[in-house]
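Have a look at the structure below, then the notes.
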Amino acid sequence: MALRYALLGLLAKNEATGYELTQQFKETVIHFWTAHHTQIYRELLKMEDEGLAESKIIQQTDYPDKKIYKITDKGFEQLLEWMLNKPVNVPKLKDDLLLRVSMFHFIPVEQAIAFLEKSKEHHQMGLMMTKKWQDENFPKGIYKEKELGEYLTSEFGIRYMESWLSWCDWAIDVLKKKGEF
Numbered sequence: 001m002a003l004r005y006a007l008l009g010l011l012a013k014n015e016a017t018g019y020e021l022t023q024q025f026k027e028t029v030i031h032f033w034t035a036h037h038t039q040i041y042r043e044l045l046k047m048e049d050e051g052l053a054e055s056k057i058i059q060q061t062d063y064p065d066k067k068i069y070k071i072t073d074k075g076f077e078q079l080l081e082w083m084l085n086k087p088v089n090v091p092k093l094k095d096d097l098l099l100r101v102s103m104f105h106f107i108p109v110e111q112a113i114a115f116l117e118k119s120k121e122h123h124q125m126g127l128m129m130t131k132k133w134q135d136e137n138f139p140k141g142i143y144k145e146k147e148l149g150e151y152l153t154s155e156f157g158i159r160y161m162e163s164w165l166s167w168c169d170w171a172i173d174v175l176k177k178k179g180e181f
């Protein structure tokens, strides 16, 4: 259900096609939420059926026609209702990597270390990409009023990646001591 509000939030900023929303989602929400393009398109159809968004078809000559979505007043009201009145609950952490780490006692220490080293590579790449995106979009920490949320969440993404990398280093040290390398 949160996907709906992510999409409403993006549409509250600008009208967009499903493709553009998918790209914006990857750039601005990926630090804390994931969705496949098929989920996004499915949710857009539901939102239209419920009157939360509406679309118009733009005919093109050299390309297929495109469908541009925009938020409705009802959609904006529902977005604000969700933001302001949904109770703040304990976050639910659902991390496949940590689930695998929790079972390290089944594998040799060397394989566990290799797993963490590979994880570090992926998180380092994510960190570099997020920093680059943030530098390009918010040079010197400067953002427009409508970009406050993107700025704050991109910083969370950076700090999350840095925290994961630091934790991996710590866990590798623990494993090396256990394996007496």
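Residue 1 is where the sequence shown starts when you use the UniProt record's numbering, and the numbers rise one by one after that. Ideal placement from N, C-alpha and C gives every residue a C-beta, glycine not left out. From a predicted model like this one, the values you see are computed outputs, not experimental measurements.
The three-state reading of DSSP puts Y63 in coil, since its state is none of H, G, I, E or B.
The beta-bridge partner set that DSSP reports for A35 is empty.
By the C-beta criterion, the stretch 111 to 123 is judged to be in contact with the stretch 162 to 178, since at least 3 inter-stretch pairs fall below 8 Å. The beta-bridge partner set that DSSP reports for A16 consists of Y69.
Between E81 and L45, the alpha-carbon positions lie close to 21 Å from each other. Counting only runs of 4+ residues, the alpha helix (DSSP H) found wholly inside the stretch 109 to 157 occupies 109 to 137, in chain order. Burial state of H31 is buried, judged by a 10 Å Cβ sphere holding 16 or more other Cβ atoms. Beta bridge pairing from DSSP links K177 with no other residue. Contact between T28 and A53 fails: their C-beta atoms lie close to 18 Å from each other, not under 8 Å. In the structure shown, the three-state DSSP call for K46 is helix. The DSSP-derived three-state label of I30 is coil. Only buried fits M47, as 16 or more other CB atoms lie within 10 angstroms of its CB. Residue environment: W164 is assigned as buried (16 or more neighbouring CB atoms within 10 Å of its CB, all protein chains considered). Residue pairing by DSSP puts A53 in a beta bridge opposite I71. In this structure, DSSP gives I58 an extended state, which the three-state scheme calls strand. Per DSSP, V101 is one residue of the alpha helix (DSSP H) stretching across 96 to 101.
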